[in-house]
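Accompanying notes for the structure given below.
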Amino acid sequence: MMKSLVCIRKHFLLTLLACLSVIANVYAQTSRFFTTVSSNTVAQDQPFQINFVIENAKDVGDFRPPDFKYFNVLQGPNQMQSSQWVNGQGTEQLIVSYVLMPKQNGSFTIAGASIRINGNQVKSNPVNIEVTKTTVRPQSSQPYSQPQQHARPGGSNSDVDAFLKSNEDVNAKLKKNLFVRVDVDKTNVYEGEQITATYKLFTRLPTNSAVTKVPAFKGFSTRDIELPNPPQPTTEMVNGVPFRVFTIRKTMLFPLQSGTLELDPAEVDNQVRLIVPGNKNNRMRDVFDDPAFKDAWGGSPFDDPFFDDVFARQEYQDIPYKIQSPVVKINVKPLPIAGKPASFNGAVGRFEMKVTPNKTDITTDDAITLKVAITGQGNINLLNAPKLEVPSVFEKYDPKVADQLNPNSNPLSGTREFEYVIMPLEAGKHEIPPVEFTYFDPASNAYKTLSSDPIKLDIAQGKKSVKTKLATAPGRNELQGIAVGPQSWQLRIPLFFASVWFWLLLLLPVVVFAGLSWYNKRKDYWKSNASLLKHKQANKVALKRLELAARYLKEGKDKAFYEETSRAVWGYISHKFHIPMANLSKQVVQDRLATENINQQITSELFALIDNCEIALYAPSNSHDVRKNTYEQAIQVISDLEGALKKEAA
Amino acid sequence: MRQVIRKWGLICVLALSSLAQLKAQAPVQQQFDAANVLFREQKYAEAANAYQHLIDSGYQADNLYYNAGNAYLKLNKTGPAVYSFEKALKLNPNNQAAANNLQIASLRIKDNVDPLPLLFFQEWFITLEKIHSPNGWAIGCIVVFWILAIAFMLYRFVPRFHHKFIRWGMYGITVFFLGYLTMSIYVYSVATDDSTAIVMQTSSKVKEAPDAKSRDMFEAREGMKVEILDTAAGFSKIQLADGKTGWIPVQSIKVL
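Residue numbers (the UniProt record's numbering), protein chains in the order written: chain R, 1 to 650; chain V, 1 to 256.
The following block contains the structure:
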């Protein structure tokens, strides 16, 4: 009962490990039958496991194990089945296993087992087992002669090592069976040359491992290679012992500086599950281990590892174990300075270049895309854009970079494409000079320069009129030269607006206008005064005519006054109208005044005056006031007449 | 028209001072030519010194500033270069070469903030402003005013010219005159404006308050054009083109 329980537990563990180990093996649906052993070299007191694996067989029967002549069968046959599907392909395994214990030391061959698959009798391969005397496994490398073992990991080799024997040192065992290694393909490289570093976990123990510190790779540009997830172990032989190997990290490294660079360690935390003998609760063991008992029996029968493993109460013990990979030093040489071309820009590897314009028949309206594709092997992900020298009639923009790296290529290979957009500004035949790209080839230790052909472009005038600014002036981004020639040297640019001259000159027309206005006004004034003068003159004429009359008025000579006034008026009219005195009559004067357009009022006043004078001659009033009144009337009439006639003349 | 105004301007404005300057002109021109030779020989530092000497002597010529700016630009002194080009443009807004090279110099200013793009009417106004030099506007103002006065006097005093077309023409000229006068005043105010400055030091910390101990807010880069809003205790309150304001030591900027 107890035994079967242990077995089931054991089967469970075996199944788990087998699952892990067979992941790497993907075979077609052909059925196979083969033998594996956990270890080809065993100590005499060491149990080991032999598996007969039947793969992808549907109809099996009649399994006949070989004759384990020199071995005791401790356990078995145990059967277990596993199946897995990888990429749609199924693999089914039926494993029949035995745990064997050698009876004596020496070299033995276990013949293959036979089985009937689909009606055919099939035999598995025989295996050689070297049985040594000592318990300590000989570390001297044993030529490993069985190729099938190489190809296929022993399904449960670690299982065997998981047994911690009572006299084994845990740390030594862990150290021996679980470690991390760094594989570097080169340790002496040029700057920029690729190195591939692989961090591997080697184990022969069932462990639960976690990477706690990944290397930082200071001084390198890194590119990780994708690893399968979940990790798939491979088997590698170390000193003749197969180890399951898990790749922790695989990285392509490109040194960015010269000197001695270190690949820092990776750290892995492990929980190692060891099967240890349960000493505490095994009283029987305590008794048997008693030296007295041992002496009596010449060695405890329970020293047999079988008992250790199976009958003794087994316990699992998880032992934490931290491991670090060793530090690897890389010597990075600087690139040779001698013969370094100017166009070298850090490319290391082997490359080819292809330059293609998208079109060569263009107008000034179009843009040309110039593709510079650099294909090859090396630090392609670090390539700088090769310099493109275009004539100034083109406008150039910064290149667009696109990478096409071959996935998981090692060494890194692929294509980096630079897309330059250039715009022609002028029509005509132009040439883009060759694009140069230089790389350093570490294989031949030399710089190599690739050069494209010059690209001839025939640019037609586009429909869009070329910006005149660009056509006439130098390029927009071109610095214009200094100005030469005589300059007007002034210590201070006087601001005319702020000077007094500005305001004087601005006021000048106002002054001129004011002066002109004043002058005009003055002229007008004099003009209007002339009529006043004329009136004055008319008055003067009247006064002169009536000079005598005025004297008579003063003297009070009544008759003489009227006579003189009448005579003065008639004389004035005669003089004015050039009519002889003899011809003068009221009628003639009236007609003449009418033709001269003289105001009717003046005419009537004139005649009233003449009538007055005539009446006064014949009927003298002899009144001074009347005479004075008449005199003033006369002056008024003559003045008015004179003024009216002057006006008429004007 | 412009030629005439220029000519008039020269006659009116410079007549007084030209006699005295003629004497000084020749050696200055020689110095300028010598500096140009140095520039041609790519001795940019010496050329810049020679130009600067002339500038420090007080000579105001747009091409002198322009050449100095070029020399500074070649020496990668962005601040003095931008300052010189701006100065050249201030003296002669129509100096195309200075405008072009100022643009190139501006590209070298680290994280320069582009000023907000101008609205269409602002662009029109700037084009209008560049029709004449500052003195050109003032001279034009007077010329137009004289024409207006003559027309008015003819209209007023000579009956033969008492015509409605003349009257309408006068209205037009009046509008013209007011335009010239406004522009003269505006251009004068711009020319005498000292509220813009150029950052001259490579990188100057702009403080939160006019105090060396106060917190740094941002960095003004050499060559940036800033607006001076206020000045106190050795610090100037500046505003960048993007609207950020802060206090900067007076010696890190140079007023245009």
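For every residue, glycine included, the Cβ atom is placed at its ideal position computed from N, Cα and C.
Whole-angstrom distance between residue j and residue i, CA atom to CA atom
i                      : j                 : result
Gly223 of chain V      : Lys186 of chain R : 52 Å
Asp361 of chain R      : Gln480 of chain R : 32 Å
Ile225 of chain R      : Leu412 of chain R : 10 Å
His575 of chain R      : Asn529 of chain R : 26 Å
Asp640 of chain R      : Ser585 of chain R : 20 Å
Ile150 of chain V      : Glu129 of chain V : 27 Å
Gly76 of chain R       : Thr247 of chain R : 34 Å
residue 673 of chain R : Phe217 of chain R : Residue 673 of chain R lies beyond the range of chain R shown here (1 to 650); nothing can be said about it.
Val363 of chain R      : Val393 of chain R : The sequence shown places Thr at residue 363 of chain R, rather than the Val named in the question. Taking the straight line joining both Cα atoms gives about 13 Å.
Asn92 of chain V       : Gly376 of chain R : 58 Å
Val390 of chain R      : Lys77 of chain V  : 28 Å
Ile253 of chain V      : Ala220 of chain V : 10 Å
Glu92 of chain R       : Thr41 of chain R  : 29 Å
Val143 of chain V      : Ile55 of chain V  : 33 Å
Gln257 of chain R      : Glu191 of chain R : 6 Å
Ala57 of chain R       : Val245 of chain R : 29 Å
Phe220 of chain R      : Val332 of chain R : 11 Å
Val73 of chain R       : Ala443 of chain R : 59 Å
Lys90 of chain V       : Leu107 of chain V : 20 Å
residue 662 of chain R : Tyr519 of chain R : Only positions 1 to 650 of chain R appear in the structure, and residue 662 of chain R is not among them; the question remains open.
Asp611 of chain R      : Lys646 of chain R : 25 Å
Met284 of chain R      : Gly106 of chain R : Per-residue confidence for Met284 of chain R stands at a pLDDT of 47, beneath the threshold of 50, marking its modelled position as unreliable; no derived number is given.
Ser82 of chain R       : Ile50 of chain R  : 17 Å
Thr174 of chain V      : Gly140 of chain V : 13 Å
Lys223 of chain R      : Lys176 of chain R : Checking the sequence shown, residue 223 of chain R turns out to be Arg, not Lys. Roughly 32 Å between the two C-alpha positions.
For residue i, the residue or residues it bridges with in DSSP
i                 : result
Val170 of chain R : Val170 of chain R pairs with nothing; no bridge assigned.
Lys387 of chain R : Paired residue(s): none; Lys387 of chain R is not in a bridge.
Met252 of chain R : R:Thr196 and R:Arg223
Asp62 of chain V  : Looking at the DSSP assignment, Asp62 of chain V forms no beta bridge with any residue, so it has no partner.
Phe394 of chain R : R:Pro424
Closer than 7 Å to chain B by CB, residue i
i                 : result
Ile166 of chain V : The structure shown contains no chain B; the protein chains it does contain are R and V.
7 Å Cβ cutoff, residue i in contact with chain V
i                      : result
Ala24 of chain R       : At Ala24 of chain R, the pLDDT of 39 sits below 50, so the modelled position is not reliable; the number obtained from the coordinates is stated separately. Cβ-Cβ to chain V under 7 Å: no for Ala24 of chain R.
residue 651 of chain R : The question about residue 651 of chain R has no answer, for chain R in this structure spans 1 to 650.
Leu505 of chain R      : yes
residue 721 of chain R : In the structure displayed, chain R extends from 1 to 650; residue 721 of chain R sits before or after that span and is not available.
Trp526 of chain R      : no
Trp518 of chain R      : no
Leu491 of chain R      : yes
Phe502 of chain R      : yes
Leu479 of chain R      : yes
Residue i in three-state terms, based on DSSP
i                      : result
Glu419 of chain R      : strand
Phe220 of chain R      : strand
Asp264 of chain R      : coil
Tyr316 of chain R      : strand
Val241 of chain R      : strand
Asp403 of chain R      : strand
residue 651 of chain R : There is simply no residue 651 of chain R to check, as chain R begins at 1 and stops at 650 in what is shown.
Ala644 of chain R      : helix
Lys429 of chain R      : strand
Pro215 of chain R      : coil
Met200 of chain V      : coil
Gln636 of chain R      : helix
Any chain R beta carbon closer than 7 Å to residue i
i                 : result
Leu256 of chain V : no
Met183 of chain V : no
Phe176 of chain V : no
Gln31 of chain V  : no
Tyr188 of chain V : yes
Ile55 of chain V  : no
Phe39 of chain V  : yes
Tyr51 of chain V  : no
Val28 of chain V  : yes
Ala88 of chain V  : no
Gln251 of chain V : no
May I have a chain-ordered list of the beta strand (DSSP E) segments no shorter than 3 residues that lie completely inside the region 517-575 of chain R? Runs found: none.
Any chance you could list the beta strand (DSSP E) runs of at least 3 consecutive residues sitting entirely within the UniProt domain "SH3b" (205-251) of chain V, in chain order? 216-221, 225-232, 235-239 and 245-249
Which runs of the beta strand (DSSP E) at least 3 residues long sit entirely within the region 129-178 of chain V? Give them in chain order. If one requires a minimum length of 3 residues, no beta strand (DSSP E) run lies completely within the region 129-178 of chain V.
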